[in-house]
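Asks:
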Amino acid sequence: MNQMNDSINNLNTPCVLVLDSVVRNNCIRMNERAASLGVNIRPHMKTHKTIEIGKYQFENNKNSNQSRGIIVSTLSEGKFFSKEFKDILYATPIAPNKVRDAYQLHLSIDRLNIMFDNIEHLNSMVEYLKKNPNEFQKKWSVFLKVDCGYHRAGADPKLQSTTDLIELIINGDYKEYFQFQGIYSHSGHSYKCQTPMDIKKLAMEEARVTGDYAKKLRSLGYKVDTVSIGSTPVCSHLPDDLLSEYGVNEIHPGNYTFYDQMQYELGNCKIEDIGVHVLATIVSVYPERNELLVDAGSLALSSDPGCTHLRDLKVINNFGIVHNDTNLRIVAPSQEVSKIQSTNQSPIDFSKYKIGTKIRIIPNHSCLTAAMFSDFYVINKDNQIINSFKPNKHW
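Under full-length UniProt numbering, the sequence shown is numbered contiguously, ending at residue 395.
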């Protein structure tokens, strides 16, 4: 059924709503901030996984040196976005079983940049080219992933073994196989910060770690074109002297297209900046225990508890809040349904929230929520459906 210009009230639930003007404005603001700092932005596609919003992420970009480089989190995303973008960074250190597909994608576009933080990543890429010499048409394009304190992935820049990797691919036995692009770090631990000031301090620390290591490599004679940092929290609180003081020339936010309740609680956005909602229907009401039941469970919202370190869990934990009534919060999601309670057990207005009533839920973690759905309904300010986007799915 063609649902363009239809009301969201006619949609089956649960479903995802993308607030078109909100998402566009989020992208414009981040582009303006990057341009004001004189740095490139390499936006991550993993939150929305759509070509259309990928294009939004480059709208109104006033940086004359800006490339249209992007980041993806899976090779499936890489293939999907290669129809539109030709400079792609695969953000996960590569597994040996993915080397062949990665190289084929690399050959089909300008470059697929591969992340490495271990010599085994380099070994597997070289081994593939040695075993398939007829396919060797261009060097691998690679970034060194540096650990800036998150301790999930990345090489320790303080270790000599890390610098030895750079020597190996620039001057050593592997130099004919690799083109070194630069340094990349991801400050995922920014989501554990307590205040915006804490995030700003972490942003400066990430910039210092990566910038100092780039300076060290250059002092040793290595060329380092790109120094890239980021997470949406960090990119929301960047120092003004990011380029001049730290030498960072690229940022790579992702969640900022949609934002979510976590970003709001961390102080990275206003609640009206959240660009994705889950539309759900009230399937039952329980006045005797002051609760509602909706048809959006963990398979629609995810089970991410969000920023529990910022909440008074004695009051209420939650997995999302109700749009335009943030006193109402999602609790106890099961597979297909969730309960809604009010903060501090204040009375719910059951004359307003009846069985069959549709409500919009702001999710804790929009990346996980959006990944649950195969269609995004794009709405305007009048809540009319103006488009639908199909995200890339799976791996």
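Cβ coordinates follow ideal geometry from the N, Cα and C atoms, glycine included.
1) Please look up how many angstroms separate the CB atoms of L19 and Y377, rounded, as I've assumed it's under 8 angstroms.
2) Could you pull out every residue in the same chain whose Cβ sits closer than 7 angstroms to the Cβ of V315, ignoring the five residues on either side in sequence?
3) M125 to I169, Cα distance in whole Å?
4) Nearest to K79 by CA position, among P96, I109, N60, is which residue?
5) To the nearest whole angstrom, what separates the beta carbons of Q179 and S228, a pair I think is in contact under 8 angstroms?
6) Starting from D87, follow the beta strand (DSSP E) in both directions and report where the run begins and ends.
7) Of the residues H121, K86, L107, I28, which one's Cα is nearest the Cα of T92?
8) So who's on the other strand from M115, going by DSSP bridges?
9) List the residues that DSSP assigns as beta-bridge partners of R329.
10) Using three-state DSSP, classify Q137 as helix, strand or coil.
11) Less than 8 angstroms separating the beta-carbons of I51 and E84?
12) Secondary structure at G182, three-state DSSP: helix, strand or coil?
13) With a threshold of 8 angstroms on Cβ separation, who are the neighbours of C193 within its own chain once the five nearest residues in sequence on each side are excluded?
14) Is the beta carbon of T210 sitting closer than 8 angstroms to the one on S185?
15) Residues bridged to R360 by DSSP?
16) Count the other C-beta atoms from every protein chain shown that fall within 10 angstroms of the C-beta of M45, then say buried if there are 16 or more, exposed otherwise.
17) Measuring CB to CB, does V276 end up less than 8 angstroms from S187?
18) Could you check where the alpha helix (DSSP H) with T210 kicks off and where it finishes?
19) Going by DSSP, what residue range makes up the beta strand (DSSP E) through V39?
20) Quick check on I355: does DSSP put it in helix, strand or coil?
21) Can you give me the start and stop residues for the beta strand (DSSP E) that S228 sits inside?
22) In the DSSP assignment, find the beta strand (DSSP E) that holds E291 and state where it starts and stops.
23) Is it buried or exposed, Q160, if we count other Cβ atoms within 10 angstroms and call 16 or more buried?
24) Below 8 angstroms CB to CB, which residues in the same chain sit around G54 once its five sequence neighbours on both sides are set aside?
25) Grab me the residues of A102's own chain with a C-beta within less than 7 angstroms of its C-beta, minus the 5 sequence neighbours each way, in chain order.
26) Determine the closest residue to N324 out of G230, K131, R360, with distance taken between C-alpha atoms.
Replies: Answer, in terms of the structure:
1) No, L19 and Y377 are not in contact; Cβ-Cβ is about 10 angstroms, not under 8 angstroms.
2) For V315, the pLDDT reaches just 45, beneath the cut-off of 50, and the residue's location in the model is therefore unreliable, leaving the point undetermined.
3) Taking the straight line joining both Cα atoms gives about 12 angstroms.
4) For K79, the closest of P96, I109, N60 by C-alpha to C-alpha distance is I109.
5) The C-beta distance from Q179 to S228 rounds to 16 angstroms, too long to fall under 8 angstroms, and the pair is not in contact.
6) Element bounds for D87: 87 to 90.
7) Considering only alpha carbons, the answer is H121.
8) Paired residue(s): F143.
9) According to DSSP, R329 bridges with I321, Q341.
10) In the structure shown, Q137 sits in coil (DSSP, three-state: anything other than H, G, I, E or B).
11) Cβ distance < 8 angstroms, so I51 and E84 count as in contact.
12) Of the three classes helix, strand and coil, the one that applies to G182 here is strand, per DSSP.
13) These residues qualify, in order along the chain: I199, L202, P233, L266.
14) Result yes, Cβ atoms of T210 and S185 sit closer than 8 angstroms.
15) When beta bridges are read from the DSSP output, R360 appears opposite L279.
16) Counting Cβ neighbours within 10 Å, M45 comes out buried, since at least 16 surround it.
17) The beta carbons of V276 and S187 sit no closer together than 8 angstroms.
18) 196 to 219 is the extent of the alpha helix (DSSP H) around T210.
19) Counting along the chain, no beta strand (DSSP E) covers V39, and no H or E run does either.
20) Residue state, collapsed to three classes: coil.
21) Segment 226 to 229, the beta strand (DSSP E) holding S228.
22) Taken as a continuous stretch (DSSP letters only), the beta strand (DSSP E) holding E291 covers 291 to 294.
23) Exposed is the call here.
24) Exclusion of the five residues before and after G54 leaves P43, M45, H48, I70, F81, E84, F85 as the residues of its chain whose Cβ lies within less than 8 angstroms of its Cβ.
25) So the list reads L75, Y90, I94, L112, I114, once near-sequence residues are dropped.
26) It is R360 whose Cα lies nearest to the Cα of N324.
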